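Okay, so here's the structure we're looking at.
There are 4 protein chains.
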Amino acid sequence: MNIALIGTKFMGKAHSNAWRQVAQFFDPGVAPVLKVACGKHRDSLERFANRWGWESVETDWRAAIHRPDVDIVDISVPTYLHHEIAVEAARAGKHIFCEKPMALNAGQAQEMLEAAQQAGVVHFLNHNYRRAPAVALAKKWIGEGKLGRIYHWRSCYLQSWIMDPQFPLTWHLRRETAGSGPHADLNSHLIDLARFLVGEIVSVSAMTASFIPQRPMPDEATSGAFQSGAQAHGFGDVTVEDAAFLLARFDNGALGSFEASRFATGRKNYNTFEIYGSLGGVCFNLERMNELQYFSTGDPADSQGYRNVLVTEPVHPYIDHWWPPGHIIGYEHTFVHAAYDFLRAIAEGIPAGPDFRDGVREMQVIDAGLQAAASGSTVEIPR
Amino acid sequence: MNIALIGTKFMGKAHSNAWRQVAQFFDPGVAPVLKVACGKHRDSLERFANRWGWESVETDWRAAIHRPDVDIVDISVPTYLHHEIAVEAARAGKHIFCEKPMALNAGQAQEMLEAAQQAGVVHFLNHNYRRAPAVALAKKWIGEGKLGRIYHWRSCYLQSWIMDPQFPLTWHLRRETAGSGPHADLNSHLIDLARFLVGEIVSVSAMTASFIPQRPMPDEATSGAFQSGAQAHGFGDVTVEDAAFLLARFDNGALGSFEASRFATGRKNYNTFEIYGSLGGVCFNLERMNELQYFSTGDPADSQGYRNVLVTEPVHPYIDHWWPPGHIIGYEHTFVHAAYDFLRAIAEGIPAGPDFRDGVREMQVIDAGLQAAASGSTVEIPR
Amino acid sequence: MNIALIGTKFMGKAHSNAWRQVAQFFDPGVAPVLKVACGKHRDSLERFANRWGWESVETDWRAAIHRPDVDIVDISVPTYLHHEIAVEAARAGKHIFCEKPMALNAGQAQEMLEAAQQAGVVHFLNHNYRRAPAVALAKKWIGEGKLGRIYHWRSCYLQSWIMDPQFPLTWHLRRETAGSGPHADLNSHLIDLARFLVGEIVSVSAMTASFIPQRPMPDEATSGAFQSGAQAHGFGDVTVEDAAFLLARFDNGALGSFEASRFATGRKNYNTFEIYGSLGGVCFNLERMNELQYFSTGDPADSQGYRNVLVTEPVHPYIDHWWPPGHIIGYEHTFVHAAYDFLRAIAEGIPAGPDFRDGVREMQVIDAGLQAAASGSTVEIPR
Amino acid sequence: MNIALIGTKFMGKAHSNAWRQVAQFFDPGVAPVLKVACGKHRDSLERFANRWGWESVETDWRAAIHRPDVDIVDISVPTYLHHEIAVEAARAGKHIFCEKPMALNAGQAQEMLEAAQQAGVVHFLNHNYRRAPAVALAKKWIGEGKLGRIYHWRSCYLQSWIMDPQFPLTWHLRRETAGSGPHADLNSHLIDLARFLVGEIVSVSAMTASFIPQRPMPDEATSGAFQSGAQAHGFGDVTVEDAAFLLARFDNGALGSFEASRFATGRKNYNTFEIYGSLGGVCFNLERMNELQYFSTGDPADSQGYRNVLVTEPVHPYIDHWWPPGHIIGYEHTFVHAAYDFLRAIAEGIPAGPDFRDGVREMQVIDAGLQAAASGSTVEIPR
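Chains as they are written, first to last, in the numbering used here: chain A, 165 to 547; chain B, 165 to 547; chain C, 165 to 547; chain D, 165 to 547.
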């Protein structure tokens, strides 16, 4: 299967590595071929392609998509470009591996889904954290009933990379390019995990906050496509929130929370969740992603407690492909797992989620969160 | 100063211990005398008084309050009795040491405050966790500016003691006796800590959940005063929520969360908060109450991280009265600290908080939370 | 039972509190009466006695011991005085509650044991950490066979309070008053715990280290009894080690380690042990003394891990006398438990350990450790 | 630079991945070419070579070494084969990348060193944990003087993979193939780290233990080369220890410990160290290898504590080649770093340690440990 990669920054690197590693550590049934990498600037693009082993380059993403020797389009660009590229890829009959968040809003997501369904292609939204072995293990346990009836989901995704007021106005900080701020970027991950592990969300309340209203304009290299919002003296308006906190009710009655911020001092990639059920509980922290905390009400009365499961045993999801017990894996391995499952979906027809149907639901929750924050009222998610 | 203790259950025990211990480990200026203990059942009351060294007993709380040899009334009974006792105590000119939550609602709290102010007595609301040394240390640091501008408050108070559906319908589970469920019981602690450490709350959004609608009626010994709500077969309606999650905006612009539940599997007394500011962050967990996590943005770039301060040094609040470094203290010590500060407030006029003014503000936030949950809309707190 | 307390410093305070608290929280069968406190300086002694409620004072410990109204002698003075006081107390027919370490060496300990046995008094060595609920729980589990055959004991007791070269030459730092340094002070605790939990030690290897050879002479108030070792300019020789590391073989074949230091940067009272057995493991850390880590090989293959048991449940040792689940206790509670068990030993004849027989064994291991370090050879412990 | 890999099991896989990844994430100056893989069984060898991209295969390691198109020999076979292969490789003028432990004993190591020195080739011993970013950061800090004078090294390497008595008698459990048990396998890592971070070891005391004297013979596939020791009924003698605990004195006066076991229940790859110095301390745990605990005595008195540095910042060693802050790396990345530094040593002459000189010193400490355990006496390390 020949891949066209659109985007060569952080996600382009992570995806390139995943396509390379998956065939070494897994047997996905089809061999991924790094056919063409697509970026804006030919010089840096060629260096990127050489480094990662992409056979060719294109500076026009449409040209890349329509090449007859391309089977898969890997969308690794800023959010505002997802819709256009995905629809075009679907119409060209290419399978789609799309970075998150899916789109600027649920309307775009819905059109992407429809295009993919009409084309009959495999569509995949890369919420890679589903494939941390510890998260996959939590999913397995919940499926086995080890947690019983779920009462609560508590989650946060905390970072601090824009706390410096001199951090520039990159594409992440403008609504037209990012959709929203940490809500789209980080809560989207949490919402995906919550839907995966707990179920559908039926209503949300929300509050957002903005702490730094204007920032220096970025230099061209980091600006992405936009130039709007510029002002005298080289400052521009931040048009997304700096923090977004949500409460949510699930269709099974559980009560949940989602708290995303880029102003959480000292937190780097602090994505945590807790699930409390009638028979047990689990807790996860991405910064210690090889561990899963588990409490069982079935343990003897005098020896109950959250146990720290080091998720590096052959019996744990994906681990038999890597190293012996106690030898941890890292962030990028979740992308390798995603590539594996996506390729198997193509080769063997095994469904791999989240797909674009999930993405539409997720974008509906994201949109509802923004609406709830703006209106000060609880918003129901459409069914 | 002669004390009348009203209530002989969990809080009666904790308060008795505090009045006894404070004179051993501290020099509060005035010596507390355990003058009279007041309870409903003479037999158990006398056993209690003997054990803890109360000089006399009363089964009528009004009689206890009006004894001329009583200077302080210690209110350690269920919430619904606070208002009546406090108002009577104030009118009798007695200083008041009142357990939390202050009252069933802000209206009651306001009347309690007015009565105390008119009487000119010292009034104190015992949110004991302000006096965990680690919390007092966080307060000190914030006062020194170590955290800078505060962006976030995140907090939870999670327990699991009523997850068994056979747990009986005690007074905690009825609105007329408890006001509300974990919202009044647990969020009240968090709201007090947030006001203490961050500042006033200006608006809240909220969601609550109920998981077990009916429970067995308690036997008489544990029922408290009420008998309403009983039904055929000995079951009664739970009329308070089982979980209450809040979002809040502070007057300094910070965004916060408060999450209280009695259905958090495996959590016993899991009261935690995180504060994120422009210059630093702190994190606290009551189950490890001798520790405080602290992050400073002023540390060298390659050695930044949350440090675990073991708050047992002589330079830490209250600690010089106890043991050498590394020798931890326990839950009940926070009550000793409260007794110390309260007695000093009487003896030396040093204000000790929270007082009833704080209690009114806190009850307004609690009421607003219930209203927000019921209405699905953000509620502003009156100024 | 009337108590004579010999010593009014750190341990005098901790013991006074224990004798006071035990009757409030426990029912030891006999009521302890704080009859007489004994110290060197009458002024500070009287202040101490007033604060803690000792009925009378003596500045001559022999006089205190021989008072006919004294039943129990509580030895809370520096180590070098234990032998003389204990032998005298035994001969006077008084029950003995003796602080650790038992004596300067095994020879002294043996004489103390013989005196106590001849007198037929209850003799008790206060290794209080046996009575941390988490440690008592580990003992219970081991007794139930939950750990299976024990392979390893790993332990350390790390502090840092003398790292400053200006810290004075107190009695702890002279061989004639302390016996040895952290070996006697800290390893003695670990050895007691190891004997309690794992079994008898049959041989040891050891290395010690000294980092600061001379220190300023203390002022008289902190010097204890000795004045030897003084030199020109007010410095004296440190004659005990600063750190003592031991390896040990147990009679059940287990291999163990004991590592004590007063030069462990940032460690305050870091007393930890790990026990590894064929069916399970436990880990303890005194700075988090309300927790016990437990691993069971009987857990399902995909959910094994060390679980953190919060030892605050009514089913846990001693806890039903204190607070509800999740409300932690502190350092001094271990003394209350010791007082409780000691008084019951007197009242009901229930043996309470460690007694002086245990103390002799422990001192033999301590002596063997010093001998092994000096000789560079493994030393067998006499049987 | 063309590589010949000798060995295709766990280490063969880890090394293959490292040679592949290093050119993607780093710029080592020379490009590694996976020229030839060498194993015993042609079928599995070819599958291995195909998967990992080795251009050719050899079943005779001498043939592989002597191929003129080979520049580097990567020794990834059981310990007993290291000496013969390394000497041959050196004589053939090939650079050597050798797995640890270096050899069966110091004598072999010395011969390997001499052969490499005579040949003038680059020789490298792959103690990969030196290149965990957190360990490299500790090294940097120590070099900067942040810890001051070092008083203590405490370390352990605990596993549990042979606790089942049915675990077969693999080559790791026979002295002639492994040298010793966890002492050679695990203490060797700790000794390398201690020498790297603290300095030379001058004397050791030791105790070892054996818990399971005989085990089932392995099937041929897992037996390695040996067939000795077999007995009736298919059991054979375990001829290495199951646990090895060491005490050590360093030439700077520090006192240290090294504790390795394969019978530490629940521990998988629990490699931890603590270093205590006059100005600071650091603690590391391989199972959380992206973190480093750091204590500074220079912090303000009321905010001292071990801080948890998440070693994922661009300012941290190696990290700028990987992912943004908070995105952790895994076990195998340490091999990529080793490959990078080894290749730079060849290309640019930058020395990379540990080399065979270090290996000889390390084997001397290992031999001294075995001798100390056997003799019961402290053993001095030759200078």
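Heads up, the beta-carbon is just placed ideally off N, CA and C, and yes, glycines get one too. What you are looking at is a predicted structure, and each value in this text was computed from that prediction instead of being measured.
Whole-number beta carbon distance between residue j and residue i, since they are thought to touch under 8 Å
{"i": "Trp-183 of chain D", "j": "Val-200 of chain D", "result": "The Cβ separation is near 12 Å, so there is no contact."}
{"i": "Leu-289 of chain B", "j": "Lys-264 of chain B", "result": "6 Å"}
{"i": "Leu-354 of chain D", "j": "Ser-319 of chain D", "result": "4 Å"}
Under 7 Å by beta carbon: chain A residues contacting residue i
{"i": "Phe-409 of chain B", "result": "Leu-411, Leu-419 and Ser-421"}
DSSP-derived helix/strand/coil call for residue i
{"i": "Gly-221 of chain C", "result": "Sequence inspection shows Val at residue 221 of chain C; the Gly mentioned does not correspond to that position. It is a strand residue."}
{"i": "Ile-492 of chain B", "result": "coil"}
{"i": "Thr-559 of chain B", "result": "No answer is possible for residue 559 of chain B: the residues shown for chain B start at 165 and end at 547."}
{"i": "Gly-393 of chain B", "result": "Its pLDDT being 44, under 50, Gly-393 of chain B is placed unreliably in this model, and the value from its coordinates should be taken loosely. In this structure, Gly-393 of chain B counts as coil in the three-state DSSP scheme."}
{"i": "Arg-211 of chain C", "result": "helix"}
{"i": "Phe-331 of chain B", "result": "coil"}
{"i": "Arg-318 of chain C", "result": "strand"}
{"i": "Glu-477 of chain C", "result": "coil"}
{"i": "Ser-541 of chain B", "result": "strand"}
{"i": "Ile-530 of chain D", "result": "helix"}
{"i": "Ser-180 of chain C", "result": "helix"}
CB contact below 8 Å: residue i versus chain B
{"i": "Arg-471 of chain D", "result": "yes"}
{"i": "Met-327 of chain A", "result": "yes"}
{"i": "Met-175 of chain C", "result": "no"}
{"i": "Thr-461 of chain A", "result": "yes"}
Residue i vs residue j beta-carbon contact at 8 Å
{"i": "Arg-295 of chain A", "j": "His-501 of chain A", "result": "yes"}
{"i": "Pro-192 of chain C", "j": "Tyr-482 of chain C", "result": "no"}
{"i": "Ile-530 of chain A", "j": "Ala-412 of chain A", "result": "no"}
{"i": "Ile-239 of chain A", "j": "Val-197 of chain A", "result": "no"}
{"i": "Gln-378 of chain D", "j": "Asp-406 of chain D", "result": "no"}
{"i": "Gly-343 of chain B", "j": "Leu-337 of chain B", "result": "no"}
{"i": "Ala-536 of chain D", "j": "Val-368 of chain D", "result": "yes"}
{"i": "Met-327 of chain A", "j": "Ser-442 of chain B", "result": "yes"}
{"i": "Leu-245 of chain C", "j": "Thr-223 of chain C", "result": "no"}
Cβ of residue i within 8 Å of any chain C Cβ
{"i": "Arg-547 of chain B", "result": "no"}
{"i": "Tyr-458 of chain A", "result": "yes"}
Contacts of residue i in chain C (Cβ-Cβ under 7 Å)
{"i": "Phe-288 of chain D", "result": "Near Phe-288 of chain D there are no residues of chain C at all, since even the closest Cβ is about 32 Å away, more than 7 Å."}
Min CB distance residue i to chain A below 8 Å
{"i": "Ala-532 of chain D", "result": "no"}
{"i": "Trp-183 of chain D", "result": "no"}
{"i": "Leu-474 of chain D", "result": "yes"}
{"i": "Gly-444 of chain B", "result": "yes"}
{"i": "Gly-540 of chain B", "result": "yes"}
8 Å Cβ cut-off: residues of chain A touching residue i
{"i": "Arg-318 of chain B", "result": "Cys-320 and Glu-423"}
{"i": "Ala-465 of chain C", "result": "Glu-477 and Val-479"}
{"i": "Gln-468 of chain B", "result": "Gly-430"}
Within chain D, partners of residue i - CB distance below 7 Å
{"i": "Phe-331 of chain C", "result": "Simply none; closest approach about 13 Å."}
{"i": "Gly-345 of chain C", "result": "Residues of chain D passing the Cβ test: none, with the nearest at roughly 13 Å."}
Neighbour flag for residue i against chain D, beta carbons, 8 Å
{"i": "Met-371 of chain C", "result": "yes"}
Proximal chain D residues relative to residue i, where beta-carbon distance stays under 8 Å
{"i": "Gln-378 of chain C", "result": "Per Cβ cutoff of 8 Å: no residues; Gln-378 of chain C is ~16 Å from chain D at best."}
Contact list for residue i against chain B, beta-carbon separation under 7 Å
{"i": "Leu-301 of chain D", "result": "Asp-466"}
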